[in-house]
Structure formats: C-alpha cells, structure tokens
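*Asks:*
There are 2 protein chains.
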Amino acid sequence: MSDRTPAIDYAKSHSDAFLESLNDLLRIPSISTLPENEPDMAKAAEWLAERMRNLGFSAVEIIPTKRHPVVYAEHMEAGPDAPTILVYGHYDVQPADPLDLWETDPFEPTVRGDDLFARGASDMKGQIVAHLMAVESMINTSGLPVNLKYMVEGEEEIGSPNMEAFIEQHKDKLACDVCLNADAGILAADTPAITYGLRGLAYFEIRLQGADRDLHSGRFGGTVPNPGNALAKLIAGMHDEQGRVTLPGFYTRVRPLSDEERDELAKLPEDEAWWKAQSGSDVLTGEIGYTPTERASARPTLDVNGLLCGFTGEGSKTVLPAKAMAKISMRLVPDQTSAETETSLRQYLEENMPAGISWELINHAGGEPSLIDVDSPAVKAASKAFLQTWGKAPLFDREGGSVPVVGIIQKRLGVGSLMLGYGLPDDNLHAPNEKLHLPNYFRGIETYIHFTHEMAE
Amino acid sequence: MSDRTPAIDYAKSHSDAFLESLNDLLRIPSISTLPENEPDMAKAAEWLAERMRNLGFSAVEIIPTKRHPVVYAEHMEAGPDAPTILVYGHYDVQPADPLDLWETDPFEPTVRGDDLFARGASDMKGQIVAHLMAVESMINTSGLPVNLKYMVEGEEEIGSPNMEAFIEQHKDKLACDVCLNADAGILAADTPAITYGLRGLAYFEIRLQGADRDLHSGRFGGTVPNPGNALAKLIAGMHDEQGRVTLPGFYTRVRPLSDEERDELAKLPEDEAWWKAQSGSDVLTGEIGYTPTERASARPTLDVNGLLCGFTGEGSKTVLPAKAMAKISMRLVPDQTSAETETSLRQYLEENMPAGISWELINHAGGEPSLIDVDSPAVKAASKAFLQTWGKAPLFDREGGSVPVVGIIQKRLGVGSLMLGYGLPDDNLHAPNEKLHLPNYFRGIETYIHFTHEMAE
Numbered sequence: 055m056s057d058r059t060p061a062i063d064y065a066k067s068h069s070d071a072f073l074e075s076l077n078d079l080l081r082i083p084s085i086s087t088l089p090e091n092e093p094d095m096a097k098a099a100e101w102l103a104e105r106m107r108n109l110g111f112s113a114v115e116i117i118p119t120k121r122h123p124v125v126y127a128e129h130m131e132a133g134p135d136a137p138t139i140l141v142y143g144h145y146d147v148q149p150a151d152p153l154d155l156w157e158t159d160p161f162e163p164t165v166r167g168d169d170l171f172a173r174g175a176s177d178m179k180g181q182i183v184a185h186l187m188a189v190e191s192m193i194n195t196s197g198l199p200v201n202l203k204y205m206v207e208g209e210e211e212i213g214s215p216n217m218e219a220f221i222e223q224h225k226d227k228l229a230c231d232v233c234l235n236a237d238a239g240i241l242a243a244d245t246p247a248i249t250y251g252l253r254g255l256a257y258f259e260i261r262l263q264g265a266d267r268d269l270h271s272g273r274f275g276g277t278v279p280n281p282g283n284a285l286a287k288l289i290a291g292m293h294d295e296q297g298r299v300t301l302p303g304f305y306t307r308v309r310p311l312s313d314e315e316r317d318e319l320a321k322l323p324e325d326e327a328w329w330k331a332q333s334g335s336d337v338l339t340g341e342i343g344y345t346p347t348e349r350a351s352a353r354p355t356l357d358v359n360g361l362l363c364g365f366t367g368e369g370s371k372t373v374l375p376a377k378a379m380a381k382i383s384m385r386l387v388p389d390q391t392s393a394e395t396e397t398s399l400r401q402y403l404e405e406n407m408p409a410g411i412s413w414e415l416i417n418h419a420g421g422e423p424s425l426i427d428v429d430s431p432a433v434k435a436a437s438k439a440f441l442q443t444w445g446k447a448p449l450f451d452r453e454g455g456s457v458p459v460v461g462i463i464q465k466r467l468g469v470g471s472l473m474l475g476y477g478l479p480d481d482n483l484h485a486p487n488e489k490l491h492l493p494n495y496f497r498g499i500e501t502y503i504h505f506t507h508e509m510a511e
Numbered sequence: 055m056s057d058r059t060p061a062i063d064y065a066k067s068h069s070d071a072f073l074e075s076l077n078d079l080l081r082i083p084s085i086s087t088l089p090e091n092e093p094d095m096a097k098a099a100e101w102l103a104e105r106m107r108n109l110g111f112s113a114v115e116i117i118p119t120k121r122h123p124v125v126y127a128e129h130m131e132a133g134p135d136a137p138t139i140l141v142y143g144h145y146d147v148q149p150a151d152p153l154d155l156w157e158t159d160p161f162e163p164t165v166r167g168d169d170l171f172a173r174g175a176s177d178m179k180g181q182i183v184a185h186l187m188a189v190e191s192m193i194n195t196s197g198l199p200v201n202l203k204y205m206v207e208g209e210e211e212i213g214s215p216n217m218e219a220f221i222e223q224h225k226d227k228l229a230c231d232v233c234l235n236a237d238a239g240i241l242a243a244d245t246p247a248i249t250y251g252l253r254g255l256a257y258f259e260i261r262l263q264g265a266d267r268d269l270h271s272g273r274f275g276g277t278v279p280n281p282g283n284a285l286a287k288l289i290a291g292m293h294d295e296q297g298r299v300t301l302p303g304f305y306t307r308v309r310p311l312s313d314e315e316r317d318e319l320a321k322l323p324e325d326e327a328w329w330k331a332q333s334g335s336d337v338l339t340g341e342i343g344y345t346p347t348e349r350a351s352a353r354p355t356l357d358v359n360g361l362l363c364g365f366t367g368e369g370s371k372t373v374l375p376a377k378a379m380a381k382i383s384m385r386l387v388p389d390q391t392s393a394e395t396e397t398s399l400r401q402y403l404e405e406n407m408p409a410g411i412s413w414e415l416i417n418h419a420g421g422e423p424s425l426i427d428v429d430s431p432a433v434k435a436a437s438k439a440f441l442q443t444w445g446k447a448p449l450f451d452r453e454g455g456s457v458p459v460v461g462i463i464q465k466r467l468g469v470g471s472l473m474l475g476y477g478l479p480d481d482n483l484h485a486p487n488e489k490l491h492l493p494n495y496f497r498g499i500e501t502y503i504h505f506t507h508e509m510a511e
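First to last, the sequence lines map onto chains A and B.
Just so we're aligned: the first sequence equals residues 55 to 511 in my numbering.
Just so we're aligned: the second sequence equals residues 55 to 511 in my numbering.
This is how it looks when you write it as structure tokens:
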C-alpha cells in the first residue's frame, strides 16, 4: 500500500485554506449562458490553470472552443506503469436568478450551519476544487501515484455544444485508462453511493399534416384525416398493456438486469413511498415487472414531452386542424443507441401512419447510455475509498438522467467514466440558495486521495 | 291555385328597386361584434322595422336583448285556417377585415358581372331582403295568403347568445306551424337544393393532471403517469378500427339512414373527387360503409380540435408534463342530444382513465341536430317553388354543420325549420369580397312567392 497518510494529514491541516480556495473560485460569476459574463468565464478558467501550474502540472493549456475554453492540464510523473486518469469537470455555472430568492449573495459564498451557500457550490466548483485540493495534498507530500489529466469545460450548463468535437480533435492527448467524472453526487450526507450507470436520451419531434389547410369541423368532420386524432393513435400505440415500448427492435440491445444487480438496486433507500414523495404523484406507473427504481434508471422509457394541435385558446373553435405536433423522448439504457432508436421510431411511424397524413421526424437531441463495470478497478477503488472515509461501503446506483459527455468519452476515447462526486439531492442545483454540505467537501477531498492511491495499488 | 301571377309580375317589374332596397341595408355596417358599430346595429334594425311597418305589418317591434335587439313583426290577415310561418333571419354581419383584400368598399355594394359585392350580401341580408321583397310583391298585388311572423336577430355572427332565452320568453308570440330559416344556400347557381338536415354539436375540453408539478423526464420517466401519453391513449380509444365512435351509447339514438335517403344523397354532385378538391385532402377517411357525403352530413363524428401539453417551443426540453388538454367535439345527428353525448363521454372517461390521472371535463358548446320531414308540407312547397322558378326539382341535402337556432326552435316552439335561402358555396362568407349572385337574388324572390302560395294551397 502506497503511503497516503501524509496527504490525508495535509488535507486535514489545510481545511481553512481549502475552503478559501473554493470561495475564491465561487466568487467568480462564471455564468456560461450570459454574454456579459464572458470575462468571468476567462477569469475562472485562468484561476484553475494557475492553480494547476502552481502544482507543477505540465502542459497547462486554456484551449479555445467556439465559445468558452477548456482548461487542460496533465501531470504524468507516475510513469508508464501507473494508470492514467482523465478528470472531467466544468467551471461554468447556471445563472443565479431569481436573485430575490437568495438569502445571501450567490457570488459571495456564505457559511450557514454545515452548508456553504453560493451558485456553483455543489454544481460543481465544490467537486472539482475538492479534487484539486486532493491533488495538492498528494503532490505536496508523498507525490501523485497516478498520471492525471484534467479536462474542465466551460459549457456544461449550456449543453456542452463543443465537447464532442473537442474530444475528437484532442483524442490522442486525452488518452487514458479511465475517466473520473466529478460532476456527480451521493444519495445523502451519510449515504455514499457510486453511480455506475446513466441513461441515454433520444429526443424527437413528430409533425403531422392532414389536409392542406384547417377545415370547418362541421362541414368536413368525418371525411378527412384529422392529424390530432392520428397523433393520439400513434402515441397510444407506442406502449403495450405491459407498459413496454412497442417500437420495432426497441429492446433488442437492452442489457437485461441480472438478479445480482436487482438485489443491489433494491438496497437503495428508494421505496414506493419515497418515489411518490419525490415525484408528487400518488400513483406510480410504468413497465410491469420492475420496481420504480429499476424503471426510472435501468429500463428504457418513452414519454410525451409536448403536444400542440389546432385551437388551444379559451372556449371553442370548431376547427378540424391541418397540423399536429408531438415532442417525444426516450431514455435509453446500454446497449441501445440514439441512432438505432431513431431507426426504430421511423419504422414504427412508417408502419403505422394513417392514410392521408404526411409526416416529418426531427431529431432534436441524442446522448448515449453508459455503464461502468462494477467489478472494474476504478469502481473497486472508489468503493474502498468511500469505506475508508465514510466508514461504510457505498451503495450502487444507476441514474435515470443523461450525461452526454460520458457517452461521448466512451465513444471517442473508448473508456468508461466513474461518476465520483459528493453533491446531495437537496443541494438546490440550478435553483436559488444552492449549497454544498461542507463536511462532504472535506470527506470528498479525503475520498479522492484514497481513490487515487487505490488506483495506484 | 291562388293567383300568384300578379306578385311574380310585380317582382319582375321592380327588380331595380329591389336591388336598391338591398343596397340600402348593405350600406349599414351592422357588425355585431364591434362596440363602435352599435349605432349601425340600431340603424339596421330600424331599417327592417320601417319596411315592415310600411308593408302594413302589425305589431312591429324592436325587442331589446342583453346586447342587440331582435326585429319582430307579424302579418296575420290570412286568417285562422291559413298556415302561420315564422321567418328567421339576422341583420348582423361579420367584420370586414382584412380590408386591404377587398376589391371595393365592403359597405358600398358594387356590381361586377352577375355579382353584387358587399359584406352581408349573401350572409344574409340578401336572403332576408329577398324574402321581404317577395312579401312586398304579394301584399302590393293579390295579398299575402299565409300568416307571417318575422324574427330577425342581431347576434347570429356572435353565436346567438341570447336567442334561446328570447324564444323561450316569447314562445306564445312566436307560435307557428313551421319556421322558414332563410340563412341558407343551394349547391350551385343552377342547382337548387333543400337542406333538410343539420348536425348538432357537442364541444368539450378534457383536462388531465398527473403529478402535481412538471418533472424531469430523466429522473422520473418510467415511474409516474404522463398525462400526455394518457390523453393520447384516451383519444385513440374513442374510435374503433371501423372508424366508429366507441363512447358508450353514442349510437343508441342515431336514426339509421334509409335506402331511399341514401339514394337521394347519392344524387348530390359530391363524389370523392369533389370532396378531395373541397377539403384539400388527397385521402378521404371516416366510418366504414358510408359515402363521404353521408359521413360528413348524416353520420355522427368525433374530432380533435386542439391539443396542448408540456413543452411546445423550438427544440427540446426534457419535461415530463404535469398537465395535458384536448378540445374534442362531436357532430351529432337525430336523435342524439348534446346532453346525452356529455354523459357518454363522461362514462368513457370514467371507465378508461389511467390510474394516477385526475381529470376535468368542460362543456363549451352544444347544439341539437335537426331533420325536417321531406314529406312535410313545407318541404313539398319549397320543392315545387324551386321547380317553378329554376325549372328543375331541388336536390335534397343534409348539412354537416350546426345551426343552433334550428335546434332551439325545435325544442322551444316544437316546430321544424325549413332551410330556404340562395347563398352559394363560393360566396366568400366571412371573407373578403363577399358576394351575392344577383340572378339568384331575383329567382330567390320569385321562389319565396311560389313557396308562400304553395303553403297556402
């Protein structure tokens, strides 16, 4: 076992400085979506680059993209036999409005109780700075036992529009054994967890057209195709009575859940009452034969996100509409792909479109699902690191949402991503009074130190 | 046969004056929906009352309603053995905008070729003045052989909001043997027709609610009810594979089409190509086993008029919507009623609503279907009148749209309505360059004279 004690001791004795470092970055309002914050974006990137340079990282670069730059740095002194870890994070934050709902200035970090309140505290400056502080603790004591590359982007909160091109362009530079995605969280302050799976996304718009103009429903009702009715029939046919999606081939590449995995997921503190409370729905639905947790994270789904057709104002208008539109999205699980899902949907529409309806299918967004092997070295290392820091083994969790960069890294770099961060479900992400649970910030730094050393074993 | 020749001769020799009379009324911009035209509404009502007074009508009244008054007049000198006819019409018109699309001033009637262009020329000042000129022709020659009551309202173009209350309040005064509804048309300039059936209307809004707030489709997709999907399933289930409406009891009171009636309807110049051209749809659909004409006029239907749910802007938003709304209307045929239709729909929703969806059903509008017996004296009289004027027997037509006042008169006064007017399908009703085919105006006057005398036979 490599000697991690000096680094842990260093971290414990530098907690004040580590909090100050985080506060420094939190004071920079690096809101990626607002043009007026462009200088702050540059300032935040420079802040990170400067810290990395001071720690002796080589090749520290602020690499431009079409909008906000990526901070890249590497520390390759552990030698060719040590693993190389690519750490992903982002230095941009969401806008802070509505400002009047914040109890204190979103860009003046403030401690109240155990929490540090600031925009970006949890999502995710708190996570990326925790990692940087762990690295500082190691470099300034017994050294960094792995090779490390940082890729910290400035566009996550605006959908990472340039990330795929960036990774493709720099794929040699980014080569690694595994990615550590620090934009992650755990289930509760005292419940460490590792998210080993993420769902993908395929988001479409279906546009139907019947007659070439809106018609009077009295004069023509009963003779011509109604795209509103046609749309309803198409959407209704997308599920069967078991709550399964009927698109041809939709389940062909879905990896079945093993009994072991189901047993692990059943350990999560997410019973039916929890799901009802979280969702505000008195009734839980979905695919028959699976628990709510499985349905929301480990099984693919299809949902209407929007519908628009004909007259939607107050009262009545007897229009037989010419057009109807639906936004439909699917959450995907390995080994489904967003491209194959489009093929399935297109085939379904071709086979089921009523006569007299012309149609168009628009692909608005796609992201690939991902899983990291729970028996992989990275997951095992993280698991041990949690046990050492929190005193208990982490739960194993899959997430229902999508993290497109994970799919991109899998596709372009050929490596999985370990989601390892310490955000909490009630951290008010993207909302007023975003906070970071400070004990987790410090435990997180220690966990990153343990994880790094476990990876080097 | 009573002597109608003097009246016909009178009409022929007064065509210039009859056109001038119509022009007088067309110059008054009696737009019921615009507050600034309120004085014009009063002026138009007074114009009609004045003409009726001059013709010796008794009890000429301008009876106030909550908004625009009804012109009422009666001429009861034919005696108790003669039939009493209630003539229904309206003196209000649609707004004229967009004004820049009119070739000439909408309120300065202008003859071009065979047509008279003005707002209200066909809908329906041209029809009600034609009747008045027919009455003048009779009164000023051999006399009026029937008892006549006029009920000319000023709110048809805003949905006749006060008509049912008015008719109920004045039902003794309005007592009659039959109603002549002059707000009607024929199939083509040389194709006289009698509309003996009208569909009713039942118009609803269905509002669904799933969870108590919009949710993230990644986090919750697959676990909670989606009201958008639920709405699609409900609407899809409202039709079976034969294109029939599945609401319980929906067809119970539908009068079947007799072979004779189907033979008559088949004579209408409305083949599939005609319906395709009229609707702008390449494909005709609907209930299996019926022709397009039957489906659009003599069979009940159900259509989506509007849909709204979730995100409908550009691009994608991964929302799992809390609410979904549909506007759904049904066209009814005798002896369906709008009230029973609501019961059917409510029962369907109760029986088919997915778990976890709360719902609300709003009744926006209703109107009863109607049929007048084609063997009744009024239809026979109209048929002969057309034959005498046009030189050919009329076709027998049912209309797909609804004329609520016909249902109200049936319900409140217990009499059927004969639709007898001369508007043409291409008269640009409610549109710029509304016109009246002048030869039909004069033939219409003669037809009313013949009809009146046939009724007195």
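Virtual Cβ for every residue (Gly too), placed ideally from N, Cα, C.
Quick caveat, the model's predicted, so the values are computed rather than measured.
Among the residues of its own chain, which have a CB less than 7 Å from the CB of Gln401/B, if the five just before and after it don't count?
*Replies:* In the second sequence, the residue the question calls residue 401/B occupies position 347. For Gln401/B, where only same-chain residues beyond five positions count, the Cβ hits under 7 Å are Pro302.
*Asks:* Is Ile248/A close to the ligand ZN? I mean its beta-carbon at under 8 Å from any heavy atom of the ligand.
*Replies:* In the structure shown, the ligand ZN is absent, as is every other ligand, since no ligand is present at all.
*Asks:* Measuring only the C-alpha atoms, how far is Gly133/A from Val125/A?
*Replies:* Here residue 133/A refers to the residue found at position 79 when the first sequence is read from its first residue. Here residue 125/A refers to the residue found at position 71 when the first sequence is read from its first residue. Approximately 23 Å, taken between the alpha carbons.
*Asks:* What would DSSP say about Leu386/B, mapped onto helix, strand or coil?
*Replies:* Here residue 386/B is taken as the residue at index 332 of the second sequence, counted from 1. Here Leu386/B sits in strand by DSSP.
*Asks:* Mind pulling the chain A residues with CB within less than 9 Å of Ser176/B?
*Replies:* Taking the first residue of the second sequence as position 1, residue 176/B is located at position 122. Simply none; closest approach about 16 Å.
*Asks:* State buried or exposed for Ala380/B, treating a residue as buried only when at least 16 other CB atoms are found within 10 Å of its CB.
*Replies:* Position 326 of the second sequence holds residue 380/B. By the neighbour-count rule (16 or more Cβ atoms within 10 Å), Ala380/B is buried.
*Asks:* What does Val249/B pair with, by DSSP beta-bridge criteria?
*Replies:* Locating residue 249/B in the second sequence gives position 195, counting from the first residue. Here residue 249/B turns out to be Thr, not Val, going by the sequence shown. Partner(s): Asp451/B and Met473/B.
*Asks:* Relative to the alpha-carbon of Thr506/B, which residue among Ala172/B, Arg452/B and Gln442/B has its alpha-carbon at the smallest distance?
*Replies:* Looking up residue 506/B in the second sequence gives position 452. That would be Gln442/B, whose Cα lies nearest to the Cα of Thr506/B.
*Asks:* Rounded to whole angstroms, how far is the Cβ of Arg253/B from the Cβ of Pro423/B, which I believe are closer than 8 Å?
*Replies:* In the second sequence, the residue the question calls residue 253/B occupies position 199. In the second sequence, the residue the question calls residue 423/B occupies position 369. Confirmed, Cβ separation roughly 5 Å.
*Asks:* Compute the Euclidean distance between the alpha carbons of Val460/B and Ile117/B, then round it to the nearest angstrom.
*Replies:* Numbered from its first residue, the second sequence carries residue 460/B at position 406. Numbered from its first residue, the second sequence carries residue 117/B at position 63. Roughly 20 Å between the two C-alpha positions.
*Asks:* Pull out every residue of the region 120-151 of chain A whose Cβ sits closer than 8 Å to any Cβ of chain B, in chain order.
*Replies:* Of all residues in the region 120-151 of chain A, none has a Cβ within less than 8 Å of some Cβ in chain B.
*Asks:* Interface residues of chain B around Trp413/A at Cβ under 9 Å?
*Replies:* If you number the first sequence from 1, residue 413/A lands on position 359. The contacting residues do not exist; Trp413/A stays about 13 Å from chain B at best.
*Asks:* With a threshold of 16 other CB atoms inside 10 Å of the CB of Met55/B, please say whether the residue is buried or exposed.
*Replies:* Within the second sequence, the letter at position 1 stands for residue 55/B. Only weak support is given to the placement of Met55/B: the predicted model assigns it a pLDDT of 49, under 50, and the value that follows is read from those uncertain coordinates. Burial call: exposed.
*Asks:* In the DSSP assignment, find the alpha helix (DSSP H) that holds Ile221/A and state where it starts and stops.
*Replies:* For the purposes of this step, residue 221/A is taken as the residue at position 167 of the first sequence. That run of the alpha helix (DSSP H) goes Met217 to Gln223.
*Asks:* Among residues of its own chain, excluding the 5 on either side of Gly180/B, which ones have a beta-carbon nearer than 7 Å to its beta-carbon?
*Replies:* In the second sequence, counting from the first residue as 1, residue 180/B sits at position 126. Within the same chain, Gly180/B has close Cβ partners Leu76, Leu490 and Tyr495.
*Asks:* What is the DSSP secondary structure of Ile117/A, counted as helix, strand or coil?
*Replies:* Taking the first residue of the first sequence as 1, we reach residue 117/A at position 63. It is a strand residue.
*Asks:* With a threshold of 6 Å on Cβ separation, who are the neighbours of Gly498/A within its own chain once the five nearest residues in sequence on each side are excluded?
*Replies:* On the first sequence, residue 498/A is found 444 positions in, with the first residue counted as 1. If we look at Gly498/A and ignore the five residues flanking it on each side, its Cβ neighbours are Ala184 and Tyr476.
*Asks:* Any idea which residues DSSP pairs Cys363/B with across the strands?
*Replies:* One-based indexing of the second sequence puts residue 363/B at position 309. According to DSSP, which records beta bridges pairwise, Cys363/B is partnered with Leu361/A and Ala378/B.
*Asks:* Enumerate in chain order the residues of its own chain whose CB-to-CB distance from Met192/A is below 7 Å, with the five nearest sequence positions on each side excluded.
*Replies:* Start at 1 with the first residue of the first sequence, and residue 192/A comes out as number 138. The residues are Ala61, Leu198, Ile503 and Thr506.
*Asks:* Is the Cβ-Cβ distance between Lys371/A and Gly343/B less than 9 Å?
*Replies:* Within the first sequence, the letter at position 317 stands for residue 371/A. Within the second sequence, the letter at position 289 stands for residue 343/B. No, they are not a contact pair.
*Asks:* Given that Arg452/A touches chain B, what residues does it touch there, using C-beta distances under 8 Å?
*Replies:* Here residue 452/A corresponds to residue number 398 of the first sequence, with the count starting at 1. Chain B residues near Arg452/A: none, gap ~11 Å exceeds 8 Å.
*Asks:* Nearest CA to the CA of Lys203/B: which residue from Cys233/B, Met217/B, Ala188/B and Gln223/B?
*Replies:* Against the second sequence, residue 203/B aligns to sequence position 149. Nearest option by C-alpha distance: Cys233/B.
*Asks:* Is there at least one Cβ from chain A nearer than 9 Å to Asp481/B's Cβ?
*Replies:* As a first step, residue 481/B must be located in the second sequence, where it is residue number 427. Not one chain A Cβ lies under 9 Å of Asp481/B.
*Asks:* To be precise: take each residue of the region 350-364 of chain A, compare its Cβ to all Cβ atoms of chain D, and keep it if any distance is under 7 Å. Which residues remain?
*Replies:* Annotation note: the requested chain D is absent from the structure, which comprises protein chains A and B.
*Asks:* Helix, strand or coil for Val433/B? Go by DSSP, reduced to three states.
*Replies:* As a working mapping, residue 433/B is identified with position 379 in the second sequence. Helix at Val433/B.
*Asks:* Could you give the uninterrupted runs of the alpha helix (DSSP H) lying entirely in the region 128-209 of chain B, keeping only those of 4 residues or more?
*Replies:* Runs found: 180-193.
*Asks:* When the Cα of Ser333/A is compared with those of Leu288/B, Ala432/B, Asn280/B and Val358/B, which residue comes out closest?
*Replies:* For the purposes of this step, residue 333/A is identified with residue 279 of the first sequence, where counting begins at 1. If we check each option's Cα against that of Ser333/A, Asn280/B comes out closest.
*Asks:* Terminal residues of the continuous alpha helix (DSSP H) containing Gly421/A?
*Replies:* Against the first sequence, residue 421/A aligns to sequence position 367. Per DSSP, Gly421/A belongs to no alpha helix (DSSP H); it is in the beta strand (DSSP E), Ser412 to Gly421.
*Asks:* Nearest-angstrom Cα distance between Gly272/A and Gly454/B?
*Replies:* As a first step, residue 272/A must be located in the first sequence, where it is residue number 218. As a first step, residue 454/B must be located in the second sequence, where it is residue number 400. So the two alpha carbons sit approximately 5 Å from each other.
*Asks:* Below 7 Å between beta carbons is the criterion; list the residues of the region 448-476 of chain A that meet it against any residue of chain B, in chain order.
*Replies:* Those would be Gly454, Gly455 and Ser456, in chain order.
*Asks:* Could you tell me how far apart the beta carbons of Asp389/A and Arg309/A are, in whole angstroms, since I believe they sit closer than 8 Å?
*Replies:* The residue labelled residue 389/A in the question sits at position 335 within the first sequence. The residue labelled residue 309/A in the question sits at position 255 within the first sequence. Confirmed, about 6 Å.
*Asks:* Quick check on DSSP: helix, strand or coil for Asn77/B?
*Replies:* Position 23 of the second sequence holds residue 77/B. Correct three-state label for Asn77/B: helix.
*Asks:* Just the Cα atoms here: how many angstroms apart are Met205/B and His122/B?
*Replies:* Indexing the second sequence from 1 puts residue 205/B at position 151. Indexing the second sequence from 1 puts residue 122/B at position 68. Distance between the alpha carbons of Met205/B and His122/B: 13 Å.
*Asks:* Roughly how many angstroms lie between the CA atoms of His293/A and Thr300/A, to the nearest whole one?
*Replies:* Translated into positions along the first sequence, residue 293/A becomes position 239. Translated into positions along the first sequence, residue 300/A becomes position 246. Going by the C-alpha atoms only, they are around 5 Å apart.
*Asks:* Reducing DSSP to helix, strand and coil, say where Lys489/B ends up.
*Replies:* Locating residue 489/B in the second sequence gives position 435, counting from the first residue. Strand.
*Asks:* Closer than 8 Å is the cut-off here; do at least three beta carbon pairs connect the region 98-117 of chain B with the region 160-172 of chain B?
*Replies:* At 8 Å Cβ cutoff, the stretches do not touch.
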